[in-house]
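Peer 1: There's a structure below that I have some questions on.
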Amino acid sequence: MRRKNLLALSLATASLLLVGTAARADSILTISLAAPYQSGGGGDQLAFDATVTNNTDLTVYLNGDGPNIISPVTSPALSVDDSPYYSYPLSLNPYQSYTGLLFNIDIPDGALIGLYTGSFVITGEADAADVPNSGAADQLGAVSFDVAVTPEPSNWLLLGSGLAALALTKA
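Count along the sequence shown from 1, add 1, and you get the number used in the numbering used here.
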């Protein structure tokens with residue numbers, strides 16, 4: 002009987018610890034992109050505006066970011082310009098929001114036509130005691146986005162003229 006009580010107490014303690022961890026795993030920040038899907042051709046720069054909201058009753062410190070283009074990996078590759086993020090405030094008070102340009106995607110000339118997916122992560126701390134800590138920052142929030150690389154107008158002109166020439170030779 003004593004063994005069962007000890008096992009029940011251990012399971013209850015573990016459950017409470019897991020519930021506390023699960024609550025911490027919820028996103029501290031909500032990142033809402035105005036247009037999470039955009040398209041463009043070679044040489045274009047796509048701007049991603051966002052609203053970032055602090056979902057807690059703590060002041061949140063925005064220490065960094067982690068942009069990433071996930072797929073496909075090609076050359077020349079799309080690049081993320083995260084410099085607009087540096088104009089965001091250094092902290093958000095409880096339940097405060099900020100709206101502005103979050104990042105840009107640069108599509109180089111010659112990028113392969115297709116769908117590219119990516120993510121943007123904001124890192125930082127949700128406790129003033131953690132701010133001086135030089136260790137790894139926590140992931141506060143993340144958002145996914147898609148970029149469709151479309152043919153450049155010159156490619157459409159080349160395709161159209163080739164089809165016209167083919168039609169004329171068949172006639």
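Note that the Cβ used here is the ideal one computed from N, Cα and C, for glycine as well.
1. Hey, how far is the Cα of T57 from the Cα of D139?
2. Does the Cβ-Cβ distance between I108 and G44 come in under 9 Å?
3. Mapping DSSP to helix, strand and coil, what is T170?
4. Could you pull out every residue in the same chain whose Cβ sits closer than 7 Å to the Cβ of L91, ignoring the five residues on either side in sequence?
5. CB G101 to CB V150, shorter than 9 Å?
6. Under a Cβ-count criterion, where at least 16 other Cβ atoms within 10 Å of its own Cβ denotes burial, should A168 be classed as buried or exposed?
7. Go ahead and pull the three-state DSSP assignment for A165.
8. Would G65 be called buried (16 or more neighbouring beta carbons within 10 Å of its own) or exposed?
9. Using the Cα positions of F104 and S76, report the straight-line distance between them to the nearest angstrom.
10. For D128 versus L59, is the C-beta spacing smaller than 9 Å?
11. Measuring CB to CB, does T52 end up less than 9 Å from Y99?
12. Grab me the residues of D147's own chain with a C-beta within less than 8 Å of its C-beta, minus the 5 sequence neighbours each way, in chain order.
13. Based on DSSP bridge pairs, tell me the residues matched to I70.
14. Please list the terminal residues of the continuous beta strand (DSSP E) segment that includes Q39.
15. DSSP on Y87, reduced to helix/strand/coil?
16. In angstroms with no decimal places, state the Cα-to-Cα distance between L93 and L164.
17. Over what stretch of residues does the beta strand (DSSP E) that includes A143 continue unbroken?
Peer 2: In brief:
1. Distance between the alpha carbons of T57 and D139 is about 15 Å.
2. For I108 and G44, yes; Cβs fall inside 9 Å.
3. T170: helix per DSSP, three-state reduction.
4. Cβ-Cβ distances below 7 Å link L91 to Y62, L63 in the same chain, with the five nearest sequence neighbours on each side left out; the list follows chain order.
5. The answer is no: Cβ separation not under 9 Å.
6. Exposed is the call here.
7. Correct three-state label for A165: helix.
8. Exposed: under 16 other Cβ atoms inside 10 Å.
9. Cα to Cα, F104 sits roughly 21 Å from S76.
10. Taking 9 Å as the cut-off, the beta carbon of D128 is found closer than this to the beta carbon of L59.
11. For T52 and Y99, yes; Cβs fall inside 9 Å.
12. Leaving aside the five residues that flank D147 on each side, the residues in its chain whose CB is nearer than 8 Å to its CB run, in chain order, P37, Y38, Q39, L116, Y117, T118, G119.
13. Its beta-bridge partners are G119.
14. That run of the beta strand (DSSP E) goes 38 to 41.
15. Of the three classes helix, strand and coil, the one that applies to Y87 here is helix, per DSSP.
16. The alpha-carbon atoms of L93 and L164 are separated by roughly 56 Å.
17. Counting along the chain, the beta strand (DSSP E) containing A143 begins and ends at 139 to 150.
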